[in-house]
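*Asks:* The structure is given below, and queries will be raised subsequently.
2 protein chains.
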Amino acid sequence: MAATIKDVARACGVHVSTVSRTFSAPHLVNPATRSRVLAAADDLGYRPNRAARALTTGRTYNMGLIVADIANPFFPPLIKAAQSQARGRDYHVFVADTDEDPRVEEELIRTFTKQVDGVLLCSPRLSNKMIERLAEDVPFVVVNRRIKGMPSVLMNVAQGAKLALEHLAGLGHRRIALVSGPIGSWTSNEMQGVAAETPGLDLIFFGPNQPTEAGGLSVAPEVAACGATAVLAYNDLVALGLIEGLSAMEIGVPDQISVIGFDDILPGRLNRPKLTTVAMPAVQAGRMAVDLLLQSGGEGATVTLDTALIVRESTGRAQK
Amino acid sequence: MAATIKDVARACGVHVSTVSRTFSAPHLVNPATRSRVLAAADDLGYRPNRAARALTTGRTYNMGLIVADIANPFFPPLIKAAQSQARGRDYHVFVADTDEDPRVEEELIRTFTKQVDGVLLCSPRLSNKMIERLAEDVPFVVVNRRIKGMPSVLMNVAQGAKLALEHLAGLGHRRIALVSGPIGSWTSNEMQGVAAETPGLDLIFFGPNQPTEAGGLSVAPEVAACGATAVLAYNDLVALGLIEGLSAMEIGVPDQISVIGFDDILPGRLNRPKLTTVAMPAVQAGRMAVDLLLQSGGEGATVTLDTALIVRESTGRAQK
DNA sequence: TTTACTGTGGCAACCGTTTGCAAGGGAGGA
DNA sequence: TCCTCCCTTGCAAACGGTTGCCACAGTAAA
Chain A
1 MAATIKDVAR ACGVHVSTVS RTFSAPHLVN PATRSRVLAA ADDLGYRPNR
51 AARALTTGRT YNMGLIVADI ANPFFPPLIK AAQSQARGRD YHVFVADTDE
101 DPRVEEELIR TFTKQVDGVL LCSPRLSNKM IERLAEDVPF VVVNRRIKGM
151 PSVLMNVAQG AKLALEHLAG LGHRRIALVS GPIGSWTSNE MQGVAAETPG
201 LDLIFFGPNQ PTEAGGLSVA PEVAACGATA VLAYNDLVAL GLIEGLSAME
251 IGVPDQISVI GFDDILPGRL NRPKLTTVAM PAVQAGRMAV DLLLQSGGEG
301 ATVTLDTALI VRESTGRAQK
Chain B
321 MAATIKDVAR ACGVHVSTVS RTFSAPHLVN PATRSRVLAA ADDLGYRPNR
371 AARALTTGRT YNMGLIVADI ANPFFPPLIK AAQSQARGRD YHVFVADTDE
421 DPRVEEELIR TFTKQVDGVL LCSPRLSNKM IERLAEDVPF VVVNRRIKGM
471 PSVLMNVAQG AKLALEHLAG LGHRRIALVS GPIGSWTSNE MQGVAAETPG
521 LDLIFFGPNQ PTEAGGLSVA PEVAACGATA VLAYNDLVAL GLIEGLSAME
571 IGVPDQISVI GFDDILPGRL NRPKLTTVAM PAVQAGRMAV DLLLQSGGEG
621 ATVTLDTALI VRESTGRAQK
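Chains as they are written, first to last, in our numbering: chain A, 1 to 320; chain B, 321 to 640.
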């Protein structure tokens, strides 16, 4: 069995409280004693049991990070950024995947409660109301969702969508397909909102769709049939699936249809044609989310991060 | 504050032990009492504190999953499979990323100790010796690494490499470049072993390399210069980077050089040319690893899973 | 010398749960 | 009627730490 605080105490003839203080309040113990304790601890391979410590202090020094789908390349950079930021603050991040299922999401949050000091909720599929209820048990920071009074990290999707639409308009596109994401996605709503407000465009909405390659693949026929010369897709995965589906139908991108995605994930950069996309500041968002959780103590600060249009090869002039 | 077992006990006039038993040993409590307790618990929104429970029982019903790089698309399917398998066994999986850094890996394992019942170590970068030492504190299942006496899930890399080399030989390739992965990678060693034993081939080794797109990109010039007509890459990411680098040098794949990867990740399927690769059974591996951890209690069972060659567009006949 | 601190370390309660032990009550058999 | 036995529940000690309080030096100030 692993050594406990008692073993260390016995080994160097002091009370457990002295050992405890050696680790959690070193200034309260005499340097000589302290080094004796440290030596004994090192000798026995003692490491404080974080779970036990959490029981009395209420702080676990862990945080949870819940994402809808780890397999979506958008998330890993965010996750890595959060983990490394947390590491710098002496925290650890536990990641869990909900499989896009709100029930799993809720269950996961419940499990995290009491095992972590807070949860980073990325692109949640739960309703605002539910999230607010769960927030009574554990502090949240939500990413890509706006909930009143709750700290959140937002990516400026509206701005990105605007840039994308302007880019398409500049290339002569008028009839544009909007391929949205899953129900309950804040991002999807933002996109649609901006598009609807932009004058002079002829929009066709498709959705809801799975936010994956498969989702894009399956709407490809409808998109092809609707007469749009350009597509704004929910995310890069959808865009990629769409291009795949389109080229299976011998429809060239960007020659016959232009496609823009969101996120700027790796496969989009490797794809032929390379994907034009709205880059989301995932790394920054991961970092900010951690900081917000640690600083705010649950108070509702909102951080909005800018997005940027990256023009590559999947968009071109509209054909007449 | 969240309700504790005491609140529930008080609310329905029984002792805490009765409440405890209602949840962890229901058959020991009178049905009438049980339902009273359940009602009160529900009323107060009581949920057992898993950390506190773990303190006495020694079981957390959590397991850790450590991967070298979540951003490598190879891992997410494995992670998802492990999570869903674990969920079916009433367990939860916490994922952490080491950034390919052995020190972070060790630190993470230490953090997990006592917070989980076991750790799934995927493609570890730590030395065998270190892993064995750490195994004294927490049970492991290692994936893609063979360590004596330790339960492990292996993917039959040797078989896959053999298939790949046969495929290349069949296409007339003789001079083949082997682009390996990071130091300490078992997979890399397996590949090299098989290649070295295959007669009639003229092999050139390149390595160690980062197991990423960047790694592939940076060896591209050397590979191009070495005169090989085909490349076996450590994984798909490296293969993709390589193709990218090669095409930047106006070298066509597969016309001038054939490339085979390992893993069968999504970007490889979307890439142009679509990547020929050795598919790794990541999903199966994730499931098996969970089962092994739960069943074996640390005993050293070894499971080997088959791989399969998937021929797509990045390989072709050798040019004379 | 007394007084008043200050630095150090022991004591014990507590965090939320589990669990071995024992006691009380009722039922059934002798 | 008395004795067992079983069912149900309470009691209290753990699990591995933390922390407020108190006591015991020394030390410096009065």
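For each residue, glycine too, the CB sits at the ideal point set by N, CA and C.
Remember, predicted model here, so these are calculated numbers, not experimental data.
1) Check the Cβ of A/E213 against every Cβ in chain B and list those closer than 9 Å, keeping chain order.
2) Pick out the complete beta strand (DSSP E) segments inside the segment 227-258 of chain A, 3 residues or longer, and give them in chain order.
3) What residue range is occupied by the uninterrupted beta strand (DSSP E) comprising A/I131?
4) My guess is that A/V194 and A/G216 are in contact by the Cβ rule of under 8 Å, so how many angstroms apart are they, rounded?
5) Would B/P397 count as contacting chain A if we go by Cβ distances under 8 Å?
6) Would you kindly work out how many angstroms separate the C-alpha atoms of A/S24 and A/A158, rounded to a whole number?
7) Which residue or residues does DSSP assign as beta-bridge partners of B/M383?
8) Residues of chain A with CB closer than 8 Å to the CB of B/F414, please, in chain order.
9) Is it buried or exposed for A/C122, if we count other Cβ within 10 angstroms and need 16 for buried?
10) Return the residues of the segment 538-568 of chain B that lie within a Cβ-Cβ distance of less than 8 Å from chain A, sorted by chain order.
11) Quick check: the segment 221-235 of chain A against the segment 200-209 of chain A, are at least 3 beta-carbon pairs closer than 8 Å?
12) What is the C-beta distance between B/P587 and B/L560, in whole angstroms, given that I count them as a contact (C-beta under 8 Å)?
13) Using 10 angstroms around the beta-carbon of A/Q83, count the other beta-carbons present and answer buried if the total reaches 16, otherwise exposed.
14) With 8 Å set as the bound, which would you pick, yes or no: does the beta-carbon of A/Q83 sit closer than that to a beta-carbon of chain B?
15) Scan the segment 473-499 of chain B and note each continuous alpha helix (DSSP H) run of 4 residues or more that stays entirely inside, going in chain order.
16) Using Cβ-Cβ distances below 7 Å, what residues of the segment 39-63 of chain A are close to chain B?
17) Note the first and the last residue of the continuous alpha helix (DSSP H) segment covering A/F112.
18) Please report the residue range of the beta strand (DSSP E) in which A/L120 lies.
19) What does B/P393 reach in chain A if we use C-beta pairs closer than 9 Å?
20) Go ahead and label B/P666 buried or exposed: buried means 16 or more other beta carbons lie within 10 angstroms of its beta carbon, across all protein chains shown.
21) Mind pulling the chain B residues with CB within less than 7 Å of A/R110?
22) Would you say B/Q576 faces chain A, with C-beta separation under 8 Å as the test?
23) Which of the residues in the segment 184-214 of chain A, read from start to end, lie with their CB under 9 Å from any CB of chain B?
24) Using CA atoms only, rank isn't needed, just tell me which of A/E244, A/T229, A/E190, A/R53 is closest to A/G172.
25) On the premise that B/V461 lies in contact with B/P471, defined as a C-beta separation below 8 Å, what is that separation, rounded to the nearest angstrom?
26) Can you tell me whether A/P281 is buried or exposed, with buried defined as 16 or more other CB within 10 angstroms of its CB?
27) Could you tell me the alpha carbon to alpha carbon distance between A/R103 and A/L294, rounded to whole angstroms?
28) Can you check whether the C-beta of B/A322 is within less than 8 Å of a C-beta belonging to chain A?
29) Identify, in the order they occur along the chain, each residue of the same chain with its Cβ nearer than 8 Å to the Cβ of B/R494, setting aside the five sequence neighbours on each side.
30) For B/K434 and chain A, any beta-carbon pair shorter than 8 Å?
31) Check whether the segment 495-503 of chain B touches the segment 346-365 of chain B, taking contact to mean three or more Cβ pairs, one atom from each stretch, closer than 8 Å.
32) Can you grab the Cα-Cα spacing for the pair A/A54 / B/Y411, in whole Å?
33) Along chain A, which residues have their Cβ under 9 Å away from the Cβ of B/K468?
34) Identify the continuous alpha helix (DSSP H) that holds B/D362 and give its terminal residues.
35) Around the Cβ of A/N72, are there at least 16 other Cβ atoms within 10 angstroms (buried) or fewer (exposed)?
36) Within the 8 Å Cβ cut-off, does A/D263 reach chain B?
*Replies:* So, to answer that:
1) Stepping through the first sequence from its first residue, residue 213 of chain A is reached at position 213. The contacting residues are L586, R589, L590.
2) Here the runs fully enclosed are 230-233.
3) Within the first sequence, the letter at position 131 stands for residue 131 of chain A. Looking at the DSSP string, A/I131 is not in any beta strand (DSSP E); the run it does join, the alpha helix (DSSP H), is 128-134.
4) Counted from its first residue, the first sequence places residue 194 of chain A at position 194. Counted from its first residue, the first sequence places residue 216 of chain A at position 216. No, A/V194 and A/G216 are not in contact; Cβ-Cβ is about 20 Å, not under 8 Å.
5) Sequence index remark: in the second sequence, residue 397 of chain B carries index 77 (1-based). Residue-level contact check: B/P397 touches chain A, since one or more beta carbons of chain A fall below 8 Å from its beta carbon.
6) What you label residue 24 of chain A is simply residue 24 of the first sequence in a count that begins at 1. What you label residue 158 of chain A is simply residue 158 of the first sequence in a count that begins at 1. Each residue's alpha carbon lies about 47 Å from the other.
7) Residue 383 of chain B sits at position 63 when you count from the first residue of the second sequence. BP columns for B/M383 point to B/V413.
8) Looking up residue 414 of chain B in the second sequence gives position 94. Within 8 Å Cβ-Cβ: F94, V95, A96.
9) Taking the first residue of the first sequence as 1, we reach residue 122 of chain A at position 122. So A/C122 counts as buried.
10) Residues of the segment 538-568 of chain B that bring their beta carbon within less than 8 Å of a beta carbon in chain A comprise L560, E564, in sequence order.
11) The segment 200-209 of chain A is in contact with the segment 221-235 of chain A.
12) In the second sequence, residue 587 of chain B corresponds to position 267, counting from 1. In the second sequence, residue 560 of chain B corresponds to position 240, counting from 1. At roughly 6 Å, the Cβ-Cβ gap stays under 8 Å, so B/P587 and B/L560 are in contact.
13) Mapped onto the first sequence, residue 83 of chain A falls at position 83. Of the other Cβ atoms in all chains shown, 16 or more fall within 10 Å of the Cβ of A/Q83; this residue is therefore buried.
14) If you number the first sequence from 1, residue 83 of chain A lands on position 83. Contacts with chain B at 8 Å (Cβ-Cβ) include A/Q83.
15) Restricting attention to alpha helix (DSSP H) runs no shorter than 4 residues, the segment 473-499 of chain B encloses them at 477-490, ordered along the chain.
16) So the close ones are R47, N49, R50, A51, A52, A54, L55.
17) In the first sequence, counting from the first residue as 1, residue 112 of chain A sits at position 112. Run containing A/F112: 102-112, per the alpha helix (DSSP H) assignment.
18) For the purposes of this step, residue 120 of chain A is taken as residue 120 along the first sequence, with counting starting at 1. Taken as a continuous stretch (DSSP letters only), the beta strand (DSSP E) holding A/L120 covers 119-122.
19) As a position in the second sequence, residue 393 of chain B is number 73, starting the count at 1. The contacting residues are A71, P73, P76, L266, P267.
20) As shown, chain B starts at 321 and ends at 640. That puts residue 666 of chain B outside it, with no answer to give.
21) What you label residue 110 of chain A is simply residue 110 of the first sequence in a count that begins at 1. Correct list: R367.
22) Within the second sequence, residue 576 of chain B is the residue found at index 256, counting from 1. No, B/Q576 lies away from the interface with chain A (no Cβ there is under 8 Å from its Cβ).
23) Per Cβ criterion, the list reads E213.
24) Walking along the first sequence from the start, residue 172 of chain A turns up at place 172. Ranking A/E244, A/T229, A/E190, A/R53 by Cα distance to A/G172 puts A/T229 first.
25) Position 151 of the second sequence, counting from 1, holds the residue named residue 471 of chain B. Position 141 of the second sequence, counting from 1, holds the residue named residue 461 of chain B. The Cβ separation is near 5 Å, so the contact holds.
26) Residue numbering aside, residue 281 of chain A sits at position 281 when the first sequence is read from its first letter. A/P281 counts as buried, since at least 16 other C-beta atoms from the protein chains shown sit within 10 angstroms of its C-beta.
27) Looking up residue 103 of chain A in the first sequence gives position 103. Looking up residue 294 of chain A in the first sequence gives position 294. If you take the alpha carbons of A/R103 and A/L294, they lie about 27 Å apart.
28) Taking the first residue of the second sequence as position 1, residue 322 of chain B is located at position 2. Yes, B/A322 counts as interfacial toward chain A.
29) Residue mapping note: residue 494 of chain B aligns to position 174 of the second sequence, counting from 1. The beta carbon of B/R494 sits closer than 8 Å to those of G520, L521, D522, T549, A638, all from its chain and outside the five residues before and after it, given in chain order.
30) Reading the second sequence from its first residue, position 114 is the one you call residue 434 of chain B. By this cut-off, B/K434 is an interface position.
31) They do not touch, by the three-pair rule.
32) For this step, residue 54 of chain A is matched to residue 54 along the first sequence. For this step, residue 411 of chain B is matched to residue 91 along the second sequence. A straight-line Cα-Cα distance of about 21 Å links A/A54 and B/Y411.
33) What you label residue 468 of chain B is simply residue 148 of the second sequence in a count that begins at 1. Neighbours of B/K468 on chain A: none; closest Cβ ~23 Å, over 9 Å.
34) Indexing the second sequence from 1 puts residue 362 of chain B at position 42. Where B/D362 is concerned, the enclosing alpha helix (DSSP H) stretches over 351-364.
35) As a position in the first sequence, residue 72 of chain A is number 72, starting the count at 1. When all chains shown are included, A/N72 counts as buried.
36) Position 263 of the first sequence, counting from 1, holds the residue named residue 263 of chain A. So no, A/D263 is outside the interface.
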